[in-house]
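In my numbering, the protein residues as written are 2 to 350. Every residue, glycine too, gets a C-beta built ideally from N, C-alpha and C. Written out below as structure tokens is the structure these notes cover.
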């Protein structure tokens, strides 16, 4: 199994945990979406995989519901029933979906989970409107929950970080591979924490907050999610270069062809050996046949990029375990959290 799996030990049945939390959250999520303008609500339902364009029931998968599960388990880890975390689960799922709708537009992605993205299916303007509506609905749901003002402030802080991370990610694309303006690994880590980790941490923290946890436990779950986000993003980067397309659903060497500033590449370029120098020359050369990308992947490996990425992912997964161990959280829920958090980075690397 992968190097990033070992820090949290053997996984329990994460799929069963996800299913249980989705089933607990689904009625409240559907009720919230049902309050939206019918057309906007249809786009939201389409994005969740509940319907096709026009409103006919769909058989498409709507995603795993990972953030929903983190919120429910956060409440249970605080000693409350899982239903106490449902408003948090609904809010973070709405925010996550809002971010995907807007990200797909910014990245020009035409497909998600095997079918057209919302902007492709309905148009760019409608997709932006649907994303805005999802964000507004998330705030409304959370404001009505117990400890609503504190919960909304927590969500707002995570949203600010998410925007910061997305902005940095977009700006990275225009920066050179080498020289004083190159993207450094520490900048990447900050971007990944904000773009991916902030909402993961917020999900667990909000569930714990609504479950009545003390501030230290809330902060520990937020910290765990933020480290998880970095590890998850790095694991995804490794898959983007060396993963099996049949497993990942991504084209081989896709991230390299798109010029993405991923952690293995940045770590490899940080070296001063011959493979690092050859890699820099290969990345800065004009586009070339597929052989170029196979050579670049080999050079990244030879320059230590893959091993550095896996070591960094391990370090952050160990920090996840430390955060959960430091909190005064209920052991059964913590074990399910451990299983679920490992699931997020459990890939066939």
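*Extent of the continuous alpha helix (DSSP H) to which residue 121 belongs*: For residue 121, the uninterrupted alpha helix (DSSP H) run begins and ends at 119-123, by DSSP.
*With DSSP as the reference, please indicate the residues paired to residue 52 in a beta bridge.*
DSSP lists 58 as partners of residue 52.
*Span of the alpha helix (DSSP H), counted from its first residue to its last, around residue 202*: Taken as a continuous stretch (DSSP letters only), the alpha helix (DSSP H) holding residue 202 covers 199-211.
*What's the C-alpha gap between residue 69 and residue 257?*
Between the C-alpha atoms of residue 69 and residue 257 there is a straight-line separation of about 32 Å.
*Helix, strand or coil: how does DSSP classify residue 333 here?*
If DSSP states are grouped into helix, strand and coil, residue 333 belongs with the helices.
*Exposure of residue 60, with buried meaning 16 or more beta-carbon neighbours within 10 Å*: Residue 60 comes out exposed.
*Measure the alpha-carbon distance for residue 163 versus residue 202 and round it to whole angstroms.*
About 11 Å.
*Cβ-based neighbour list, residue 30, same chain, cut-off 7 Å, excluding 5 preceding and 5 following*: Here residue 30 has 91 and 94 as same chain residues with Cβ atoms under 7 Å from its own Cβ, once five neighbours each way along the sequence are excluded.
_Spatially closest choice to residue 328 from 260, 80, 125 and 246, by CA coordinates_ = Relative to residue 328, the option among 260, 80, 125 and 246 whose CA is nearest is 80.
*Terminal residues of the alpha helix (DSSP H) in which residue 307 lies*: Residue 307 -> alpha helix (DSSP H) spans 306-327.
*residue 116 - partner residues in DSSP beta bridges*: Paired residues: 113.
*Based on Cα-Cα distance, which residue from 297, 264 and 262 lies nearest to residue 278?*
Ranking 297, 264 and 262 by Cα distance to residue 278 puts 297 first.
*Residue from 99, 71 and 97 whose Cα sits closest to the Cα of residue 408*: Absent from the structure is residue 408, since the part of the chain shown begins at 2 and ends at 350.
*Is it buried or exposed for residue 44, if we count other Cβ within 10 angstroms and need 16 for buried?*
By the 10 Å Cβ count, residue 44 comes out buried.
*asked:* Looking only at its chain, what residues have a beta carbon closer than 7 Å to the beta carbon of residue 127, apart from the 5 residues adjacent to it on each side?
replied: Same-chain partners within the cutoff: 44.
*Could you please give the first and the last residue of the uninterrupted alpha helix (DSSP H) stretch that includes residue 97?*
For residue 97, the uninterrupted alpha helix (DSSP H) segment begins and ends at 87-108.
*Three-state secondary structure assigned by DSSP to residue 346*: Assigned with DSSP and collapsed to three states, residue 346 falls in helix.
*State yes or no: is the C-beta of residue 166 within less than 8 Å of the C-beta of residue 145?*
No, they are not a contact pair.
*Per-residue DSSP class, three states only, for residue 230*: Three-state result, residue 230: helix.
*CB contact flag (residue 193, residue 226, <8 Å)*: The beta carbons of residue 193 and residue 226 sit no closer together than 8 Å.
*asked:* Tell me the rounded alpha-carbon separation between residue 212 and residue 312.
replied: The straight-line gap from Cα to Cα measures roughly 35 Å.
*Is residue 259 helix, strand or coil by DSSP?*
If DSSP states are grouped into helix, strand and coil, residue 259 belongs with coil.
*So, are the CB atoms of residue 160 and residue 96 less than 8 Å apart?*
In contact: residue 160 and residue 96 (Cβ atoms closer than 8 Å).
_Between 253, 294, 190 and 224, which has its C-alpha nearest residue 322's C-alpha?_
Comparing Cα positions, the closest option is 224.
*Where does residue 155 land, buried or exposed, given buried means 16+ other C-beta within 10 angstroms?*
When all chains shown are included, residue 155 counts as buried.
*Proximity to residue 239 [Cα-Cα], best of 215, 74 and 269*: Closest in alpha carbon position to residue 239, among 215, 74 and 269, is 269.
_Where the alpha helix (DSSP H) through residue 294 begins and ends_ = Counting along the chain, the unbroken alpha helix (DSSP H) around residue 294 starts and ends at 291-303.
*C-beta contact flag for residue 300 and residue 221 at 8 Å*: No, these two residues do not count as a Cβ contact at 8 Å.
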